[in-house]
Amino acid sequence: MGLEAKLKTDGFIVTQLDAIIAWSRKNSVWPMPMGISCCAIEMMAVGDPKYDIARFGSEVMRFTPRQCDLMIVAGTVTYKMSHVVRKIYDQMPDPKWVIAMGACTSTGGMYRSYSVVQGIDQFLPVDVYVAGCPPRPDNLLNALITIQEKIGNTRARDFQDIKIPDLKVIQPN
Amino acid sequence: MNIKELIKNKLTNNFPNYQIEFSEYLDEFCIKVNKENILEICSFLKNDEDLKFILSEDITAVDWATRKNRFTVVYHIYSLKNNFRLKIKSDVDESDCSIDSVTSVWGAANWQERECYDMYGIIFNHHPDLRRMYMPEEFEYYPLRKDFPLMGIPGSLPLPKK
Amino acid sequence: MEKLRKEDVNPKIVEALLRDTDITIDDALDNEMILNMGPQHPATHGVLRVLLRLDGETVMNAVPELGYLHRGYEKMAENMSYYEYIPHTDRLDYISPMANNVAWVMAVEKLAGIEVPVRAQYIRMMVAELARIASHLVAIGAFAMDVGALTVFLWTLREREKILDIWDILCGARFTNSYTRIGGVANDAQPDALAKVKWFIDQFDDNLTECEKLLNSNRIFIERLENIGILPAEVALDLGVTGPSLRASGVEFDLRRATPYLQYDKIDFNVITYTEGDSLARYFVRVDEMRESAKIVRQVLDKMPAGEIMANMPKKVLPKKTEIYTRMEELIHDFMIVNFGINPPVGEIYHAIEGSKGELGFYLVSKGEGHPWKCKIRSPSFNNLQALPYLVKGHMISDVVAIIGSIDPIMGEADK
C-alpha cells in the first residue's frame, strides 16, 4: 500500500485534495481565443462590460497558448487554417479543454464547400459544442459554465498521461 | 458630347485596325476587344488626357462552359475625372489559356489577376509574381471552373491527424 | 511570431520576398532574417499572415498571404438562388453586416428591374449608416488597442452594444441579421425602434468626444502614428485603395456622392478628406465620418415617409405572409419564387456601394435562371491590403502592427 496506490483509490484526504484542486482549476479558466471570423466578434463581446466574463475568472485572454487551458475556436476553420489550429492546440500544456463555438466549427455550418472543414472534431478532441450563428454571448457563458462543471468533477487519476515523478515506495514485507 | 460618344470616337480613331465592339445594357457601357490588343487599349485608356481611367476596380473571368471561347476576362475600370465606369471584355479560349497582364498599367491588377489565376487557371503573361492567392500552393485544381464540384475533390486538401 | 529558415518557407514566397527592394543597407554581415507574423496573432485583425524580411528591426519587404478564411463564397453563389444568398452576404464584412445585405439586394434589384418603395429606401439608409458607425467604432477600438490604449476599446464596444440592441429590436438578431429582402426590407421599423435610434444618436456625440479626449492630444498616440505609413494619392489610386484610406490621402472619392444610390442625393453631408495620408489621418477620417453618419441618420429620421416596405411585383417579390395563408395566387407565387427563384432577364450588371472600408461591389451574370451564373464580390479589404507591402517598407516591426490597424482589413471580406 504505497502513496501511488493511495492516489488511485478514493480515500478521505485524497478526495478533499482533488476537490480543492478541481475547485481552483475551474474558477480560473484562462481561455485562448482562437478568433477566426464572425464568432470572434461575439467572443469579444463576452469580454465587454455588458456580458462580463471577468466574473467567471476568465478575463485573462492570453494570446499565447503556453499560458492557457481552454481553447475557444470561434469562426470557420478552413483546410488551410486547420494545420495552424492543430499546432496551437499541441502547444497548450495539459490539462486542456476545447469549446467549439458556433455552427461552423461544430459541423461546417452554412458553408458546404470545398475549402471548409465540416466540423473541427475531425482533427481536435472537443468538449463542448455551442450552437448558434453566431451564438449570443449568453450562450457562450453557458458553455463556459458547462466546462466549469466538467472540470469540477475531475479527479487526479483522470490525468494519467501526466508524468508524475517516480516516488520512492516502501513496501511492507 | 457625352462620355460614351467620346470613348467611341477616340477608340475608333486611334485604333482603326482593331476589332472593337461596343454595347450597352442597363446604362452600363461595355467594350469587347481581342486578347492580343488588350495591353495597348488599356494603356491608352489610362493615359489619354480626356479619359484618364486611373482606378482599376476589378478583374475577373466568366466561365461559359462552351467548347469555343470558354472564358471571358472582364475588367472594370473607373475614371474619377469623368465619374464614369467602363467594362472591358476579352475572350480567352481553353486551348490557349493565357492573356497579357495589365500590371504595368495599373498596380492594382497585381493581386486581382493573381486571384483570377487561382480561381480559373488563366495565365497572365509577364505578370511579376503569378502564384496562387487563396488556395494552398500545392492545390492542383482551379475551383471556380464549372467542372469542379462544390464539395471539392476528396483528398485534394490535407488535414492534420487527430 | 516565429523566425523561419529559408527552407521552411514556400520557394515562391521567398522569391517574392527577395525581389529587388529600393532600400539597400550597406552591411557586410548577412543579418537578414525572415519573420513570420502568423495567421494566429492578436494584432492582425483576423487571420492574415505576413512574412517579413528584416534587417535588424527594419522591414525590407513584406509579403501578405491570404486565404486562411477562404470559404468558397463565389462558388456557393452559383448554386443557390438570390434569396438564399442573403444570409451569406452578412458574413462578408461581419462588423457591418447590414451594409453588405443592402449592397447585394440592390444589385439583384438592378438586374431584375424592381423598384423599391421610398420608405424602405430610407430604412435601408438608416441601417447602413448605423452599420458604418458600428464598424468604425470597432476599427478605432482595435486600432487603439494595438497601439496600447486598452480603455478606448471597452468604451467603443459599449457604444456598439447599444447599436446591437437597436438591431435586435428591428429584426430580431444582434448581428448577422439578414434584414433586407429583394424588393424592400423584412419588417417595418416600429415607433419604439425609431425612438431608440433617436436616443442613441442624441447621446452618441458626447460619448465619442469622451473617447476622443483620451487619444487626440495623447503624446504617445501621436508619436506612434504620425508620419507612419504615408500613402500618396497617386500610389493609392494606382493600387486600387478606396474608402477612408483613400480619403485620408486627399482624394475626395465617395460613392455616396459620385454615384448616389438609395436617397443619398436628398441628404446633406460632407465628404471628409485629410491630406497627410499617414496613419493618424486615417484615424481622424474615421472619427469624423462617424459624426457625419450621425448627422445623416438624424436627417433620415426626420424625412422618413410613411408607406409600404416591400415592392408590389407579384412574380419577383415575396408577397405578405398574411395573404399567403388566405389567398391562392399569393400562395402559388410564393411557391414559385422560393423554389425556382426570381429569374431575372439575361444580362449582367455591376453595382457598388460605399461600404465602411471602401467600395463594396457585386458583379452578377444571369442566364435567366433562378440562381446566378456568376457572382463576383469586389471586396474593399482585399484591395486595401495590396497597399501593405508599399506602406511598411523602411519602418519597424511595431509600426507594421499600427499600419495594419489603420488600414483596418476584415479577413472575412478579403478572403471571401
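Chains as they are written, first to last, in the numbering used here: chain Z, 1 to 173; chain V, 1001 to 1162; chain L, 2001 to 2416. Note that the Cβ used here is the ideal one computed from N, Cα and C, for glycine as well.
Less than 8 Å between C-beta atoms, sequence neighbours within five positions excluded: which residues of the same chain meet that for residue i?
{"i": "residue 2341 of chain L", "result": "2081, 2082, 2083, 2369, 2370, 2371"}
{"i": "residue 2028 of chain L", "result": "The predicted model places residue 2028 of chain L with a pLDDT of 45, which falls under 50 and marks its position as unreliable, so this point remains unresolved."}
{"i": "residue 2250 of chain L", "result": "2233, 2273, 2274, 2275, 2277"}
Would you grab the beta carbon distance between residue i and residue j for me? Rounded to a whole angstrom, and I think it's under 8 Å.
{"i": "residue 2160 of chain L", "j": "residue 2134 of chain L", "result": "5 Å"}
{"i": "residue 2310 of chain L", "j": "residue 2181 of chain L", "result": "7 Å"}
{"i": "residue 134 of chain Z", "j": "residue 68 of chain Z", "result": "The pair is not a contact, with the Cβ atoms about 21 Å apart (cut-off 8 Å)."}
{"i": "residue 2070 of chain L", "j": "residue 1134 of chain V", "result": "4 Å"}
{"i": "residue 2397 of chain L", "j": "residue 2059 of chain L", "result": "7 Å"}
{"i": "residue 1020 of chain V", "j": "residue 1073 of chain V", "result": "Contact doesn't hold; Cβ gap of about 15 Å is too wide."}
{"i": "residue 2323 of chain L", "j": "residue 2119 of chain L", "result": "Actually they do not touch by this definition, with Cβ atoms about 19 Å apart."}
{"i": "residue 2064 of chain L", "j": "residue 2050 of chain L", "result": "5 Å"}
{"i": "residue 99 of chain Z", "j": "residue 143 of chain Z", "result": "5 Å"}
{"i": "residue 2273 of chain L", "j": "residue 2247 of chain L", "result": "5 Å"}
{"i": "residue 1159 of chain V", "j": "residue 1139 of chain V", "result": "No, residue 1159 of chain V and residue 1139 of chain V are not in contact; Cβ-Cβ is about 14 Å, not under 8 Å."}
{"i": "residue 2415 of chain L", "j": "residue 1107 of chain V", "result": "Actually they are not in contact, since the Cβ atoms of residue 2415 of chain L and residue 1107 of chain V sit about 21 Å apart, beyond 8 Å."}
{"i": "residue 2045 of chain L", "j": "residue 2289 of chain L", "result": "Their Cβ separation, rounded to whole angstroms, is 19 Å, which puts residue 2045 of chain L and residue 2289 of chain L out of contact at 8 Å."}
{"i": "residue 2378 of chain L", "j": "residue 1057 of chain V", "result": "6 Å"}
Mind checking which residues open and close the beta strand (DSSP E) that includes residue i?
{"i": "residue 2104 of chain L", "result": "Per DSSP, residue 2104 of chain L belongs to no beta strand (DSSP E); it is in the alpha helix (DSSP H), 2097-2112."}
{"i": "residue 2375 of chain L", "result": "2374-2378"}
{"i": "residue 1025 of chain V", "result": "1021-1025"}
{"i": "residue 151 of chain Z", "result": "Careful: residue 151 of chain Z lies outside any beta strand (DSSP E), inside the alpha helix (DSSP H) at 137-152."}
{"i": "residue 1134 of chain V", "result": "It is not in any beta strand (DSSP E) - residue 1134 of chain V carries neither H nor E in the DSSP assignment."}
{"i": "residue 2361 of chain L", "result": "2359-2366"}
{"i": "residue 2034 of chain L", "result": "2032-2037"}
{"i": "residue 2352 of chain L", "result": "2347-2354"}
{"i": "residue 129 of chain Z", "result": "128-130"}
{"i": "residue 2336 of chain L", "result": "Note, residue 2336 of chain L: premise wrong, no beta strand (DSSP E); alpha helix (DSSP H) at 2328-2340."}
{"i": "residue 35 of chain Z", "result": "31-35"}
Between which two residues does the alpha helix (DSSP H) harbouring residue i extend?
{"i": "residue 2050 of chain L", "result": "Residue 2050 of chain L -> not in any alpha helix (DSSP H); beta strand (DSSP E) instead, spanning 2049-2055."}
{"i": "residue 2082 of chain L", "result": "It is not in any alpha helix (DSSP H) - residue 2082 of chain L carries neither H nor E in the DSSP assignment."}
{"i": "residue 39 of chain Z", "result": "38-46"}
{"i": "residue 1124 of chain V", "result": "Careful: residue 1124 of chain V lies outside any alpha helix (DSSP H), inside the beta strand (DSSP E) at 1123-1125."}
{"i": "residue 64 of chain Z", "result": "Careful: residue 64 of chain Z lies outside any alpha helix (DSSP H) and carries neither H nor E."}
{"i": "residue 2016 of chain L", "result": "2011-2018"}
{"i": "residue 2223 of chain L", "result": "2219-2225"}
{"i": "residue 2412 of chain L", "result": "2411-2414"}
Just checking residue i against the ligand GDP - is the residue's beta carbon closer than 8 Å to any of the ligand's heavy atoms?
{"i": "residue 97 of chain Z", "result": "Among the components modelled here there is no ligand, and therefore nothing to report on the ligand GDP."}
Identify, in the order they occur along the chain, each residue of the same chain with its Cβ nearer than 6 Å to the Cβ of residue i, setting aside the five sequence neighbours on each side.
{"i": "residue 2271 of chain L", "result": "2252, 2254, 2257"}
{"i": "residue 2408 of chain L", "result": "2139"}
{"i": "residue 1094 of chain V", "result": "1070"}
{"i": "residue 1055 of chain V", "result": "1078"}
{"i": "residue 2376 of chain L", "result": "2363"}
{"i": "residue 2163 of chain L", "result": "2130, 2134"}
{"i": "residue 1105 of chain V", "result": "1042, 1043, 1046"}
Apart from the five residues on each side of it in sequence, which residues of its chain come closer than 7 Å, Cβ to Cβ, to residue i?
{"i": "residue 2406 of chain L", "result": "2143, 2229, 2279, 2282, 2283"}
{"i": "residue 2141 of chain L", "result": "2152, 2153, 2156, 2157"}
{"i": "residue 2261 of chain L", "result": "2106, 2353"}
{"i": "residue 59 of chain Z", "result": "47, 53"}
{"i": "residue 139 of chain Z", "result": "130, 132"}
Quiz item: Is it true that the segment 2116-2129 of chain L meets the segment 2397-2414 of chain L, where meeting means three or more beta-carbon pairs spaced less than 8 Å apart?
Solution: Counting Cβ pairs under 8 Å, fewer than three are found: no touch.
Quiz item: If you pair each beta-carbon of the segment 2384-2392 of chain L with each one of the segment 2280-2287 of chain L, do three or more pairs fall below 8 Å?
Solution: Because the criterion of three Cβ pairs below 8 Å is not met, the segment 2384-2392 of chain L and the segment 2280-2287 of chain L do not touch.
Self-check item: Whole runs of the beta strand (DSSP E) within the segment 74-119 of chain Z, excluding any shorter than 3 residues
Solution: Within the segment 74-119 of chain Z, the complete beta strand (DSSP E) runs of at least 3 residues are 97-101.
Quiz item: How do the segment 2173-2190 of chain L and the segment 2100-2108 of chain L stand: do at least 3 beta-carbon pairs fall below 8 Å, yes or no?
Solution: The answer is yes - the segment 2100-2108 of chain L touches the segment 2173-2190 of chain L, with three or more Cβ pairs under 8 Å.
Practice problem: Indicate whether the contact test is met: 3 or more Cβ pairs, each with one atom in the segment 58-66 of chain Z and one in the segment 28-37 of chain Z, closer than 8 Å. | Solution: Taking a cut-off of 8 Å for Cβ pairs, the segment 58-66 of chain Z and the segment 28-37 of chain Z touch, as three or more such pairs fall below it.
Quiz item: Taking only runs of the alpha helix (DSSP H) that begin and end inside the segment 2108-2151 of chain L, which ones reach a length of at least 4 residues, in chain order?
Solution: Here the runs fully enclosed are 2118-2147.
Quiz item: Touching or not, the segment 1125-1140 of chain V and the segment 1083-1092 of chain V, by the rule of three or more beta carbon pairs under 8 Å?
Solution: In short, these stretches do not touch, since the Cβ pair count stays below three.
Quiz item: Which whole runs of the alpha helix (DSSP H) in the segment 1028-1112 of chain V are 4 residues long or more, in chain order?
Solution: Segments of the alpha helix (DSSP H) lying fully in the segment 1028-1112 of chain V: 1038-1047.
Self-check item: Any alpha helix (DSSP H) of 4 or more consecutive residues that is wholly inside the segment 2231-2293 of chain L
Solution: Positions of the alpha helix (DSSP H) runs, each at least 4 residues long and wholly inside the segment 2231-2293 of chain L, are given as 2233-2239, 2244-2247, 2255-2258 in order along the chain.
Quiz prompt | Contact the segment 2351-2367 of chain L vs the segment 2241-2248 of chain L: 3+ CB pairs below 8 Å | solution = In short, these stretches touch, since the Cβ pair count reaches three.
Quiz item: Using 8 Å as the threshold, is the segment 1034-1050 of chain V in touch with the segment 2206-2226 of chain L, meaning 3 or more CB pairs across them?
Solution: At 8 Å Cβ cutoff, the stretches do not touch.
Practice problem: Please confirm if the segment 108-123 of chain Z is in contact with the segment 20-31 of chain Z, defined as three or more CB-CB distances below 8 Å between the two stretches. | Solution: As far as the Cβ criterion goes, the segment 108-123 of chain Z does not touch the segment 20-31 of chain Z, which means the pair count is below three.
Exercise. Evaluate contact between the segment 1133-1153 of chain V and the segment 1061-1070 of chain V, counting only Cβ atoms and requiring at least three cross-stretch pairs below 8 Å.
Key: Pairwise C-beta distances place the segment 1133-1153 of chain V in contact with the segment 1061-1070 of chain V, as three or more of them are shorter than 8 Å.
Practice problem: Please specify which runs of the beta strand (DSSP E), each continuous and at least 3 residues long, are wholly inside the segment 2160-2207 of chain L, giving them in chain order. | Solution: Positions of the beta strand (DSSP E) runs, each at least 3 residues long and wholly inside the segment 2160-2207 of chain L, cannot be given because no such run exists.
Exercise. Taking 8 Å as the threshold, find out whether the segment 2090-2107 of chain L comes into contact with the segment 2341-2351 of chain L through three or more Cβ pairs.
Key: With contact defined as three or more Cβ pairs closer than 8 Å, the segment 2090-2107 of chain L and the segment 2341-2351 of chain L are in contact.
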